[in-house]
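Participant: Residue numbers (the numbering used here): 1 to 331.
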């Protein structure tokens, strides 16, 4: 019943209910700034590690510098470019741009469908998408059935894609926790968290076939910066020692046991925190993607009155009517 009511919205009701006043240019600038912060932070971590190795052996330092440069490109530049190059739905638009946004969203849906069908055909046993729905989606594409494409994409996003995305989050959260437990350096730990977060966002975006819009992407990149700084702070502050202190004096009489427990709790607390933050950023990305897919579905069902085509047609009718009327003779 709710969906039927949403489809009956006028474009002005949609604008009043869902459109927010956002500065797209400012959001794009913030994306560049936040991406730059992540890049500088990651580069600083890699440089610090390289300099440490350089102090031990010059030749090893040269090798570490080359490896760091390659890692920077593969683990930061490539995921960032892949995320930003993905298309997105236009949902936060005024009534005057609604017709163009609907045409854009229709193209985006078709591109997503074509990519999913192509991927499902070429990659055997990927398990990302439901084969039966993909077959139906391929039929809708061949028949140019836009309603069928929407129906299939909605079924995929609420079914197999959602499950696969949750599997990604679980796997990357475990990675982040494991790296934190293994790492003995706060800089290394923070760099690994930034890399894992970016890889998770990239994989989820690739799975869905579109990325969040600029304002949502700003929030996601800000969360990556936050996670990295929190991770660096955890490694520096050694908050696990405070937890060890609350465990009492039971281990004081046993040599080395106190320090061993301290190291274990430090790594487990930091690992749990970083794993949780990674899971949060994954679910945040999914929430934004689902929200914008839902909004473009609502927008597609809205009747766009007074569009550019209708305005042009009205102007022609007025011109035709004026030509029919005889001109008054001048004296």
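The C-beta atom is built at its ideal place from N, Cα and C for all residues, glycine as well. What you are looking at is a predicted structure, and each value in this text was computed from that prediction instead of being measured.
List the whole-angstrom C-beta distance separating residue 278 from residue 176, where the pair is believed to meet the contact cut-off of C-beta under 8 angstroms.
Facilitator: Indeed, because the Cβ distance is near 4 angstroms, the residues count as touching under 8 angstroms.
Participant: If you follow the alpha helix (DSSP H) that residue 142 is part of, which residue opens it and which one closes it?
Facilitator: Taken as a continuous stretch (DSSP letters only), the alpha helix (DSSP H) holding residue 142 covers 131-142.
Participant: Does the distance from the C-beta atom of residue 210 to that of residue 105 stay below 7 angstroms?
Facilitator: Going by C-beta atoms, residue 210 is not nearer than 7 angstroms to residue 105.
Participant: Which one or two residues does DSSP pair with residue 10 in a beta bridge?
Facilitator: DSSP output for residue 10 lists 303 as bridge partner(s).
Participant: Report the three-state DSSP secondary structure of residue 159 (helix, strand or coil).
Facilitator: Coil, per DSSP.
Participant: In chain order, what are the residue ranges of uninterrupted beta strand (DSSP E) at least 3 long that sit wholly in the region 158-227?
Facilitator: Segments of the beta strand (DSSP E) lying fully in the region 158-227: there are none.
Participant: Does the distance from the C-beta atom of residue 332 to that of residue 64 stay below 7 angstroms?
Facilitator: In the structure as shown, the chain begins at 1 and stops at 331. Residue 332 is therefore absent and cannot be evaluated.
Participant: Determine, using beta-carbon pairs with one atom in the region 68-81 and one in the region 190-203, whether at least three such pairs fall under 8 angstroms.
Facilitator: In short, these stretches touch, since the Cβ pair count reaches three.
Participant: Using only the alpha-carbon positions, how far apart do residue 228 and residue 134 sit?
Facilitator: C-alpha separation (whole angstroms): 38 angstroms.
Participant: Leaving out five residues before and five after residue 1 in sequence, what residues of the same chain have Cβ atoms less than 6 angstroms from its Cβ?
Facilitator: Because the pLDDT at residue 1 is just 43, under 50, the model does not fix this residue reliably, and the point stays unresolved.
Participant: Alpha carbon to alpha carbon, how far is residue 20 from residue 217? Give it in angstroms, no decimals.
Facilitator: The straight-line gap from Cα to Cα measures roughly 16 angstroms.
Participant: Hey, how far is the Cα of residue 262 from the Cα of residue 41?
Facilitator: For residue 262, the pLDDT reaches just 42, beneath the cut-off of 50, and the residue's location in the model is therefore unreliable, leaving the point undetermined.
Participant: Under the rule that 16 or more other beta-carbon atoms within 10 Å means buried, what is residue 139, buried or exposed?
Facilitator: So residue 139 ends up on the exposed side.
Participant: Less than 8 angstroms between the CB atoms is what I'm expecting for residue 179 and residue 192, so what's the real figure, rounded?
Facilitator: Confirmed, about 4 angstroms.
Participant: Where does residue 146 sit, in a helix, a strand or coil, going by DSSP?
Facilitator: Looking at residue 146 - three-state DSSP - the assignment turns out to be helix.
Participant: Just to confirm, is the Cβ distance from residue 56 to residue 194 under 7 angstroms?
Facilitator: No.
Participant: Assign residue 164 to one of two classes, buried (16 or more other C-beta atoms within 10 Å of its C-beta) or exposed (fewer than that).
Facilitator: That one is buried.
Participant: Which residue comes first and which comes last in the alpha helix (DSSP H) that contains residue 41?
Facilitator: 24-56 is the span of the alpha helix (DSSP H), which, as asked, contains residue 41.
Participant: Near residue 94, what residues of its chain come up, given a Cβ to Cβ distance below 8 angstroms and the 5 sequence neighbours on each side ignored?
Facilitator: Closer than 8 angstroms at the Cβ level, and outside the excluded window around residue 94, lie 15, 19.
Participant: Which term fits residue 315, buried or exposed, when burial requires 16 or more other beta carbons within 10 angstroms of its beta carbon?
Facilitator: Per the 10 Å Cβ criterion, exposed.
Participant: By DSSP, does residue 79 sit in helix, in strand, or in coil?
Facilitator: In this structure, residue 79 counts as helix in the three-state DSSP scheme.
Participant: DSSP three-state call for residue 267: helix, strand or coil?
Facilitator: Confidence at residue 267 is low in this model, with a pLDDT of 49, below 50, so the placement of that residue is unreliable and no value is reported for it.
Participant: Going by DSSP in three states, residue 296 sits in which element: helix, strand or coil?
Facilitator: Helix at residue 296.
Participant: Expressed to the nearest angstrom, what Euclidean distance is found between the alpha-carbon atoms of residue 116 and residue 129?
Facilitator: If I take the Cα positions, the gap works out to 8 angstroms.
Participant: What number of angstroms, rounded off, separates the C-alpha of residue 147 from the C-alpha of residue 317?
Facilitator: Their backbone Cα atoms lie some 33 angstroms apart in a straight line.
Participant: Alpha carbon to alpha carbon, how far is residue 213 from residue 61?
Facilitator: Cα-Cα distance, rounded: 41 angstroms.
Participant: Residue 112 by DSSP, collapsed to three states: which one?
Facilitator: Reduced to three states, the DSSP call for residue 112 is helix.
Participant: Determine the DSSP secondary structure at residue 358, reduced to helix, strand or coil.
Facilitator: Outside the shown range of the chain, which is 1 to 331, sits residue 358, and nothing can be said about it.
Participant: Using 10 angstroms around the beta-carbon of residue 108, count the other beta-carbons present and answer buried if the total reaches 16, otherwise exposed.
Facilitator: With 16 or more other Cβ atoms within 10 Å, it is buried.
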